[in-house]
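I have placed the structure first, in the form of structure tokens, so that the comments after it can refer back to it.
There are 2 protein chains.
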Amino acid sequence: MKSSNSLVKIDGIDKKILRYLMEDARRPILEIARNIGISGAAIHQRLRKLEASGLLSGSKFVINPKALGYTTMAYIGIFLDKAMSNPRAVAALEKIPEVLECHYTTGNWSILIKVLCQDNEHLMQVLNKKIQQIEGVSRTETFISLDQQIDRQIRI
Amino acid sequence: MKSSNSLVKIDGIDKKILRYLMEDARRPILEIARNIGISGAAIHQRLRKLEASGLLSGSKFVINPKALGYTTMAYIGIFLDKAMSNPRAVAALEKIPEVLECHYTTGNWSILIKVLCQDNEHLMQVLNKKIQQIEGVSRTETFISLDQQIDRQIRI
DNA sequence: CCTGAAACTAGACAGAT
DNA sequence: ATCTGTCTAGTTTCAGG
Chain F
44 MKSSNSLVKI DGIDKKILRY LMEDARRPIL EIARNIGISG AAIHQRLRKL
94 EASGLLSGSK FVINPKALGY TTMAYIGIFL DKAMSNPRAV AALEKIPEVL
144 ECHYTTGNWS ILIKVLCQDN EHLMQVLNKK IQQIEGVSRT ETFISLDQQI
194 DRQIRI
Chain E
44 MKSSNSLVKI DGIDKKILRY LMEDARRPIL EIARNIGISG AAIHQRLRKL
94 EASGLLSGSK FVINPKALGY TTMAYIGIFL DKAMSNPRAV AALEKIPEVL
144 ECHYTTGNWS ILIKVLCQDN EHLMQVLNKK IQQIEGVSRT ETFISLDQQI
194 DRQIRI
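If you read the sequences in order, they're chains F and E.
So for the first sequence, the numbering used here puts the first residue at 44; every next one is plus one.
So for the second sequence, the numbering used here puts the first residue at 44; every next one is plus one.
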């Protein structure tokens, strides 16, 4: 994988291929090939090149957590004691499966995390029995997402 | 698609299949089939069932935005005037490609969004010339993510 | 809920432009 | 450097247990 601070150049064909596959990673390559007007093999070669360049970092099946009863999403801003290092806090947060994202942020907090819980009671337990129990966490601020209204990737 | 408030039941085989494909949506089904010990056709039938149940909401190619020069990620809390309705604000935000997520939140702000920009100057322009220009946006608070240290889906 | 067969597609290679 | 044709292995559907 190429160093990711060298910018990758992509042409119109690459963009078309990526737009198809960003929507549906299992879309048949030959179907894309027919739409674009090149052979399937050419698409495979371009995809290999894009992967080698570091632009393509993989593919994922997307799960709908609501179908499993996970309906409460929240952002939590975390204040850390001066003595607590960020890497140690992240290591502790990684062990909590409800934590889906963790950002090292400027501004009010040391850390901003996104958590996904079954309901408010579950969220309360994650806060009180998991997050607040981490050594060095002094205070938290919670923002419940009543509805996620936009969720997308960068536009190509 | 089934109503998503009825909980989906999945067994151990479904979980194994999902864990493989959540990591890599293009992983060969037959490879998974051999690892689990059932036929490829059986996996396809299970996947169709999971999709019909609403648990599987699709698959995506994942792009590394840094390779395209997008290195500045930030969360922005937005205060809306009483007169501004949430849906109209979301409609305006949808037109801004740098906005990747939008959450209707409890707490301080009316809306919390995630934006991805090339650099700090680009972020400043998005803030001043796009977000703040939206009618009904009274004030914003910006938190730059210096580093996203965790990024994952729900654990199955 | 599973398997096996049939038709189609993915992914890799050699070779042409 | 990027394309095409071809070949093996994988995907996906369907009839049937």
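Cβ coordinates follow ideal geometry from the N, Cα and C atoms, glycine included.
Does DSSP classify arginine 91 of chain F as helix, strand or coil? DSSP places arginine 91 of chain F within a helical segment (H, G or I) once states are collapsed to three.
Name the chain F residues that come within less than 7 Å of aspartate 194 of chain E, Cβ to Cβ? Those within 7 Å of aspartate 194 of chain E in chain F are Glu144.
What number of angstroms, rounded off, separates the C-alpha of methionine 116 of chain F from the C-alpha of threonine 185 of chain F? Between methionine 116 of chain F and threonine 185 of chain F, the C-alpha separation is close to 10 Å.
Using only CA atoms, which one of E/Tyr118, E/Ile75 and E/Thr114 lies nearest to threonine 205 of chain F? Not covered by the structure: residue 205 of chain F. The range shown for chain F is 44 to 199.
Unbroken beta strand (DSSP E) runs of length 3 or more, entirely within the region 61-134 of chain E: which are they? Uninterrupted beta strand (DSSP E) stretches at least 3 residues long and entirely within the region 61-134 of chain E occur at 99-106 and 115-123, given in chain order.
So, is aspartate 54 of chain F buried or exposed, given that buried needs 16 or more other C-beta atoms within 10 angstroms? Classification of aspartate 54 of chain F: exposed, given that the 10 Å Cβ count is below 16.
Let me know if serine 153 of chain F comes out buried or exposed under the rule of 16 or more other beta-carbons within 10 Å of its beta-carbon. Serine 153 of chain F comes out buried.
For glutamine 161 of chain E and tyrosine 113 of chain E, which I take to be in contact (beta-carbon distance under 8 Å), what is that distance rounded to the nearest angstrom? That belief holds up - the Cβ atoms of glutamine 161 of chain E and tyrosine 113 of chain E are roughly 6 Å apart, short of 8 Å.
Assign glutamate 66 of chain F to one of two classes, buried (16 or more other C-beta atoms within 10 Å of its C-beta) or exposed (fewer than that). Residue environment analysis places glutamate 66 of chain F among the exposed positions, since fewer than 16 neighbouring C-beta atoms fall within 10 angstroms of its C-beta.
Using a beta-carbon distance below 8 Å, is threonine 148 of chain E in contact with chain F? With 8 Å as the cut-off, threonine 148 of chain E counts as an interface residue toward chain F.
Is it right to say alanine 132 of chain F is buried, meaning 16 or more other beta carbons lie within 10 angstroms of its own, or is it exposed? Buried, since its Cβ has 16 or more Cβ neighbours within 10 Å.
By how many angstroms is the C-alpha of isoleucine 81 of chain F removed from the C-alpha of leucine 50 of chain E? Rounded to whole angstroms, leucine 50 of chain E to isoleucine 81 of chain F spans 44 Å at the Cα level.
Chain F contact for isoleucine 197 of chain E (CB, 8 Å cutoff): It does; some Cβ of chain F falls within 8 Å.
Quick check on DSSP: helix, strand or coil for glutamate 137 of chain F? Look at glutamate 137 of chain F here: in three-state DSSP terms it is helix.
Along chain E, which residues have their Cβ under 9 Å away from the Cβ of glutamine 191 of chain F? Those are Glu144, Cys145, His146 and Tyr147, listed as they occur along chain E.
Leaving aside the five residues before and after leucine 61 of chain F along the sequence, list all residues of the same chain whose C-beta is less than 6 Å from its C-beta, in chain order. Within the same chain, leucine 61 of chain F has close Cβ partners Ile199.
7 Å Cβ shell around leucine 64 of chain F - same chain, five flanking residues per side excluded: Its chain contains Arg70 as the residues whose beta carbon lies nearer than 7 Å to that of leucine 64 of chain F, once the 5 sequence neighbours on both sides are disregarded; these appear in chain order.
On the three-state DSSP scale, how would you describe lysine 157 of chain E? The answer is strand: DSSP assigns lysine 157 of chain E an E or B state.
Out of F/Gln192, F/Gly83, F/Leu99 and F/Ile177, which has the shortest C-alpha to C-alpha gap to asparagine 129 of chain F? Comparing Cα-Cα distances from asparagine 129 of chain F to each of F/Gln192, F/Gly83, F/Leu99 and F/Ile177, the minimum goes to F/Ile177.
Assuming serine 100 of chain E and asparagine 78 of chain F are in contact, meaning their beta carbons sit under 8 Å apart, how far apart are those beta carbons, in whole angstroms? In fact, because the Cβ distance is near 24 Å, the residues do not count as touching under 8 Å.
Assign glutamate 94 of chain F to one of two classes, buried (16 or more other C-beta atoms within 10 Å of its C-beta) or exposed (fewer than that). Label assigned to glutamate 94 of chain F: exposed.
From this set, F/Leu73, F/Ile121 and F/Gln196, which residue's C-alpha is nearest glutamate 144 of chain E's C-alpha? The candidate whose alpha carbon is nearest that of glutamate 144 of chain E is F/Gln196.
Taking Cβ to Cβ, would you say valine 180 of chain F is nearer than 8 Å to leucine 90 of chain F? Between valine 180 of chain F and leucine 90 of chain F, the C-beta spacing is not below 8 Å.
Put valine 51 of chain F into one of helix, strand or coil per three-state DSSP. Valine 51 of chain F carries a coil assignment under DSSP once its states are collapsed to helix, strand and coil.
Which residue's Cα is closest to the Cα of lysine 109 of chain E: F/Leu98, F/Lys103, F/Leu111 and F/Val105? Residue F/Leu98 is the option with its Cα nearest to lysine 109 of chain E.
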